[in-house]
Amino acid sequence: MSSSAAAAGHIDHHHDATTTTGIPHKKLFMWAFLASDCMFFGSLIATHLIYRLHPPVGTPDPRDLFSIELTSGSTFVLLMSSLLMALAVNSIQKGNVATTRKMLLGTIVFGLIFLGGQVYEFNHFVKVGGLTLSNSVFGSTFYTLTGTHGTHVAIGILWLVLMYIRSFKPVDDSAGQGWILRGLFHFLTFTGLVVVGMYTLLALIHAFEMGHGFGYYFSHHSLSFIGSLVLLGGLFWFAKPRGPVDFGEANAIDVESMGLYWHFVDIVWIVIFPVVYLLEYIVLP
Amino acid sequence: MLLVALIPVVCGGWLSGPQSTFDTKGPVAETQLDVFYVTLWVTVAIFAVVGSVLAYATIKFKARNEADEHAEPPPQGHGNPLIELSLIVVSILALVIIAVPTLKAIWYTYEVPEELMEDTYEVTAIGHQWWFKFQYEDEMVPQPFGGEAPLVTANELVIPAGRPVKVNLRTVDVIHSFWVPKLAGKVDMMPNRGNHLWMLADEPGYFWGQCAEYCGESHAVMRFRVIALAKDEFNAWLENQKSPARTVAASADAQITTAFADYGAFAVNQPGWTPEFDADPLGSWNALQAPNADEDPALIAAGRQAFIENRCAGCHTVRGHDGIGNIGPDLTRIGSRSTIAAGLLENTPKNLYRWITEPDRVKPGNFMAHTRIVAPPGMITMPGYTMRDPATGDRNPTDGDIEITPEEGHALVAYLHSLK
Amino acid sequence: MDQSLTKNEFIGHEEHAPAAKRSWLFSRPDHKTGIVSWLTTVDHKRIGFLYGISALFFFLVGGAEALMIRLQLAVPNNDFISAQTYNEMFTMHATTMIFLAVMPLSAAFFNYIMPLQIGARDVAFPRLNGFAYWLFLAGAIVLNIGFFVKSGLPDMGWFGYAPLTSTAFSSEFAGDMSTDMWVMGLQILGVSSVIGSLNFIVTIINMRAPGLTMMRLPVFTWMTLFTAFLIILSFPAITIALVEVMMDRNFGTLFFEVSGGGLPILWQHLFWVFGHPEVYILILPAMGIISEILPCFSRKPLFGYPIVVFSGAVIGLLGFGVWSHHMFTTGMGTVATAAFTVATMAIAVPTGVKIFNWIGTLWNGHLSMRTPMMFALGFVWMFMMGGFSGIMHAAAPADAQQQDSYFVVAHFHYVLIGGSIFALLAGIHYWFPLMFGRKVSEFWGKLSFWVIFAGFNITFFPLHFVGLNGMPRRNFTYDGNMGWNSINMIATIGAFILGIGIAVYFVVMIYTYFKGEKTKRDPWDGRTLEWSIPNPPPHHNFDVTPNVHARDAYWYEKHHKAEIEAEKAKLAAEDEAHGGIHMPSNSWFPVITASGMLIGSIFFCNHNFLGAIGGLVIVFFGAWMWSVEGPGGYHLHPTKEGSDDADAQH
Ligand code: HEA
Ligand code: HEA
Ligand code: CUA
Ligand SMILES: [Cu+2]
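Residue numbers (my numbering), protein chains in the order written: chain A, 1 to 285; chain B, 1001 to 1420; chain C, 2001 to 2650.
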């Protein structure tokens, strides 16, 4: 990573000699996009704040609704995912594909936990708190703002998954369809695992909450449990080494742009979290 | 050259009309006009200077012929920071000249000045698609079902002359804007927001106003009038307004004597104004305050009957005459108003007949003829008029629709015009 | 200096993938002609041309709508068109002119000219560039569907103030979706503009020819950069506002629902936070064009280049702080009104700087009065007048009488037609010889200019007066006793004169395209790099990437011939040593992805959510294939001027 690396035939990750400024196109693009995205979130946060500070009569008190502990937890998880993302970028810059993959997977899992928390939270607010998209402006702005952020996270996860699968593209892709098809199934397996896995996990939690224990869980959710195991196996199978891959140090810029996006989405949450969840605690002591 | 351009303006009456912003009749509009003149003269002066230099440069440095075009290029100068800087300074100075009176006027036009506060008269104007309701907050009148409520009129705002009037601006549906150019610039009626403006008519007078924010299909014909009256006249007007609707007594066996006029067909967007009225609008308005000479009590009674039978009463209030609705304008004194359909048509028998029999052709989309498909919460929908088939132009009444026969129409006209 | 190695890494992996062995899914279309070559194009010049043609088409559509408006207003109490139709006409007239005519026409020049001015062979992301165009077309189609379906066209005015856009007030019958079309169409156009702009930003910052420092950039390129920044920073506001309306209409949220405590004023803020920068998005490219034409035809560099550039930046920045001058009548209170008044007036300073420097450019020049120069001078005059009426608006108390009257209509047509349109028409004349190698005859060009100029002033100058005489805008009819009759008649006649002028302009252009006088290279004695190449430009633009030594790079080249020749030869040899000129391959996926957006959004407007998801699937498929097919590319070896010789595709 030293600046003389280019001369030695390595890639200098901080300078791209083909561009005027030395910054790779993709990185510059991502920075400009994030500037734009700031305005997206800015508009949404402004909307939320305006109604928060001028609440129409009958607006529910957010303090009765939010569970700061839960959301702080998922906030922490999201922060940690950024750490893993940084590590992924770091390892791909060293050309270490194996570690990169692991870190990508870690980021994905943490991102999913965050999303899971949000799904749980939304569900809880609707069912228990009685807060819906359409029964108060607070609900409208809350779900739209946090939902838009959640969508950003989801897109990030999708991107991570695709990048992960992309990392299996063989150097020799003359067989064409072969790896593409495998990639597609790889992707589907992944999606399947996320869905089925989430489901079994929730069932497990539910079983424990109800005090039913493992036995009950296995007898009632055996299918999905076995399903997740099979899908997990599939994932391992797809990830099996199959000769040299066309993914390496040269793709560092791809991973890095993705990382920029991921960190940004993270930072946005750092803004949203106090504005949405902690406002009353900050403004009204 | 500019002066030449101004000739048609002055001679052709381009700047004088019922809604001219130059023909101001009160201090608010006056102040706004003064600010306009400041901006006008400053920019015209700059335009004259910059334009002359530009014109001079264009003419002076123009290549006269082909050869000239291909001559050696001129010296490749790159600019002169000193000139640029001084021009910036001059521009800023020019803007300061504009800004100072502007800022003063912003504060002046916003709120009634302290020294006049005492004397301020307050009314509330409420925008509806597509008409205005006026509410006199301090004048309470008894209501049909008991209790009291502020006096309500519609589409013609009567105010005392020589006193500041504070108008609270509200709306029941979309954004409208309250604009009487000769008295004051506009302020919007925003949903969920309490706006206001103030204005003062120096002299008694009759003023044209119009909704100035696009508010849907008939925005263009959402108009109104303001009538400023001298103190005594205003008070007399108020007293009359507060009493219940005027009833023309008819003996039980009276016969209808009026011959039916045939008003004939009329075109879409046909003008509804008369030059006679415009010649002396305030005088014409005053004349309308007294009952008609040729009233036909029997016809009026029939009209009153038709008013209830056709469910007009369900949408319109006629205090003391069973009219209780408030979807449409208050009609308690419709006969003394100079316009109908929100300032669109002058209140002549012909126009009123036209409005009552075919409101949908007079004012597209209006909610006397149409009913909303999606009623905003709190709004009652009820069956409206029969609609014309857009293809054939025929009327196809369906159950519950209102259809006015020519006889009923004439009777309604007589009745409404008796409500002075 | 091992450039070749790093270069290849970023271009793709052509070394790994010889053409013959690629699977059919990834075989890149390499048509040079025919419809496929256009559908799959990634060439910035072709994309620019597509933008231009579409924009001109929509300009005529918007103009036809304007003529409908003027016909209806020609006489009082007219019933040429119904109120409903009239409202649809002005809504679509404005939406079309702004989003489908002026913006894409500017984008056409950004695409075509900007890369040439910076000595690049394409933009940074060629496929994304194609995608931006196809998305634009999708948005334009969605906006205009109302012409063909029962719902009709949107009718809530171009700034769609809430709550007129809510279902309660905008649905004449169940299933009315004209408003949904407007909302969806604008969202798609927004995405298209943002994507296009990101591409331009990266291109300008990152793909300048060697030696082309920022302070040597042609002013048009500078204005492209500023416009692109304005777009990426202002469009999000309207996109979010539109999303909120969309949610209100489809999912029952309460953002602007009055009964639920929604605040329609919030829409106004969000809209104008976008809307005011938007008007500078419309004018900055125009100013860029003017700043190219005036020096060229004065044969003199732009007077005060640094300060012209800087003032462009200041206009852009201030543009974000003045939005509420569109809301002076909403009862903002004294302090806010005063602040926005002052901020708005401040914009006169940087704008004045531009005017002064343009005059400075003329001063001491050798002005050749060709058609582009006529339009450019017309611009300076007309824009100045439009700016002055803007200053009159900025004085809030005066604006209380002007807002929503024809005075505003006159103001913005002066800046939009006298400003943007004049400059764009000038630009077409100016760059026409470059694009097509032919030139419009001076007589016909000047004739069209004078007719347009006269027609424009006859139409819009009197409208100032009718506005001050109390005529509100957006009125489908007016009464004959208001003192507005003669002006409206004059304006209508003017509009037809203007229409004739524009018709002449277009007929002459079409004639010239087929039969016009052929021109040699650099017919105007240009100053910037685009004139250094043959006309029409070859596919790869520059045989040799130029080395820039000064501002007005080509002018310098022309005056330092020997030095440049030697340098060129050296650079050409270097290029060839690297395997020739690298060019991007065509691709199907931009157009496929955009069509997914089109299909999805039409279904969405129809409340057919299954179909909407189907559209999204196409989008996903297109994007995925796009990313796995890789950038591709092939090499060219220019043999002699204008003809090139392509390697096999990679
Ligand atoms: C190309 C588009 C464009 C441009 C460039 C401008 C430029 C300006 N506009 Fe305009 N404007 C519009 C397009 C544009 N506008 C549109 C479309 C609307 C209506 C939207 C709608 O309601 O539908 C509108 C409406 C509008 C309003 C709201 C009116 C209302 O609805 O009540 C205002 C108010 O302040 C305003 C002000 C200005 C100002 C101060 C400038 C300034 O930038 C002008 C600066 C230029 C000059 C002043 C001239 C040159 C300067 C000099 C020679 C220097 C010396 C001069 C002085 C010191 C004064 N504009
Ligand atoms: C860049 C923007 C732009 C441009 C170029 C124009 C161009 C024109 N505009 Fe418009 N206009 C707006 C932007 C623009 N306008 C906006 C933003 C509004 C506000 C809308 C709102 O309130 O929401 C507006 C509103 C507006 C109104 C006010 C409507 C109202 O408030 O009720 C009027 C009225 O005269 C008008 C007229 C014209 C005319 C005569 C032209 C002329 O310049 C047009 C010249 C062009 C032609 C005449 C075309 C010639 C074509 C042919 C000859 C052939 C036609 C054939 C085919 C289509 C095949 N425009
Ligand atoms: Cu009410 Cu326009
Ligand atoms: Cu503006």
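The beta-carbon is built from N, C-alpha and C at its ideal position, and this holds for glycine as well. Treat the numbers as computed from the prediction; the structure is a model and nothing was measured.
Under the three-state DSSP convention, the category residue i falls into
{"i": "Tyr1136 (chain B)", "result": "strand"}
{"i": "Gly2316 (chain C)", "result": "helix"}
{"i": "Gly1378 (chain B)", "result": "With a pLDDT of 40 at Gly1378 (chain B), under the threshold of 50, the modelled position of that residue is not reliable, and the figure given next carries that caveat. It is coil, neither helix nor strand."}
{"i": "Asp2043 (chain C)", "result": "coil"}
{"i": "Thr1031 (chain B)", "result": "helix"}
{"i": "His186 (chain A)", "result": "helix"}
{"i": "Met2156 (chain C)", "result": "coil"}
{"i": "Thr1109 (chain B)", "result": "helix"}
{"i": "Ile1159 (chain B)", "result": "strand"}
{"i": "His2607 (chain C)", "result": "coil"}
{"i": "Val194 (chain A)", "result": "helix"}
{"i": "Pro2372 (chain C)", "result": "helix"}
{"i": "Tyr2478 (chain C)", "result": "coil"}
Residue i at chain B interface by Cβ criterion, 7 Å
{"i": "Asp2404 (chain C)", "result": "yes"}
{"i": "Gly2390 (chain C)", "result": "no"}
{"i": "Leu2362 (chain C)", "result": "yes"}
{"i": "Ala2120 (chain C)", "result": "no"}
Cβ of residue i within 7 Å of any chain C Cβ
{"i": "Thr1381 (chain B)", "result": "Only weak support is given to the placement of Thr1381 (chain B): the predicted model assigns it a pLDDT of 49, under 50, and the question is left unresolved by the model."}
{"i": "Pro1364 (chain B)", "result": "yes"}
{"i": "Ser134 (chain A)", "result": "yes"}
{"i": "His1078 (chain B)", "result": "yes"}
{"i": "Leu235 (chain A)", "result": "no"}
{"i": "Asp1401 (chain B)", "result": "no"}
Per-residue contacts from residue i into chain E (C-beta, under 8 Å)
{"i": "Arg2299 (chain C)", "result": "Within the model displayed, chain E is absent; protein chains A, B and C are what it includes."}
Nearest-angstrom Cβ-Cβ length linking residue i and residue j, presumed shorter than 8 Å
{"i": "Phe247 (chain A)", "j": "Val126 (chain A)", "result": "About 42 Å separates the two Cβ atoms, so there is no contact after all."}
{"i": "Phe1178 (chain B)", "j": "Val1165 (chain B)", "result": "Phe1178 (chain B) to Val1165 (chain B), Cβ: 12 Å. No contact."}
{"i": "Ile2564 (chain C)", "j": "Ile2502 (chain C)", "result": "Actually they are not in contact, since the Cβ atoms of Ile2564 (chain C) and Ile2502 (chain C) sit about 41 Å apart, beyond 8 Å."}
{"i": "Thr1021 (chain B)", "j": "Gly2480 (chain C)", "result": "With 8 Å as the limit, Thr1021 (chain B) and Gly2480 (chain C) do not qualify as a contact, their Cβ atoms being about 20 Å apart."}
{"i": "Val1172 (chain B)", "j": "Pro2163 (chain C)", "result": "Contact doesn't hold; Cβ gap of about 11 Å is too wide."}
{"i": "Asn2535 (chain C)", "j": "Pro2462 (chain C)", "result": "Contact flag wrong, Cβ pair sits at about 42 Å."}
{"i": "Ser2234 (chain C)", "j": "Val2273 (chain C)", "result": "7 Å"}
{"i": "Arg2121 (chain C)", "j": "Phe2542 (chain C)", "result": "7 Å"}
{"i": "Ala2396 (chain C)", "j": "Thr1102 (chain B)", "result": "7 Å"}
Residue-chain proximity (residue i, chain A), Cβ-Cβ < 7 Å
{"i": "Thr2253 (chain C)", "result": "yes"}
{"i": "Pro2236 (chain C)", "result": "yes"}
{"i": "Gly2261 (chain C)", "result": "yes"}
{"i": "Ala2339 (chain C)", "result": "no"}
{"i": "Ile2592 (chain C)", "result": "no"}
{"i": "Ile2232 (chain C)", "result": "yes"}
{"i": "Asn2485 (chain C)", "result": "no"}
Proximity winner among the options, relative to residue i (alpha-carbon distances)
{"i": "Ser74 (chain A)", "options": "A:Ala252, A:Val153 and A:Thr191", "result": "A:Val153"}
{"i": "Glu1203 (chain B)", "options": "B:Glu1408, B:Glu1122, B:Pro1027 and B:Glu1069", "result": "B:Pro1027"}
{"i": "Lys1060 (chain B)", "options": "C:Thr2334, C:Leu2143, C:Thr2165 and C:Leu2367", "result": "C:Leu2367"}
Residue i CB to nearest heavy atom of ligand 6 below 6 Å
{"i": "Ile2417 (chain C)", "result": "This structure lacks ligand 6; the ligands present are ligand 1, ligand 2, ligand 3 and ligand 4."}
Any residue whose CB is nearer than 6 Å to a heavy atom belonging to ligand 4, listed in chain order: C:His2276, C:Val2279, C:His2325 and C:His2326
Near ligand 3, which residues have their beta-carbon closer than 6 Å to a heavy atom? B:Gly1127, B:Trp1130, B:His1176, B:Cys1211, B:Glu1213, B:Tyr1214, B:Cys1215, B:His1219 and B:Met1222
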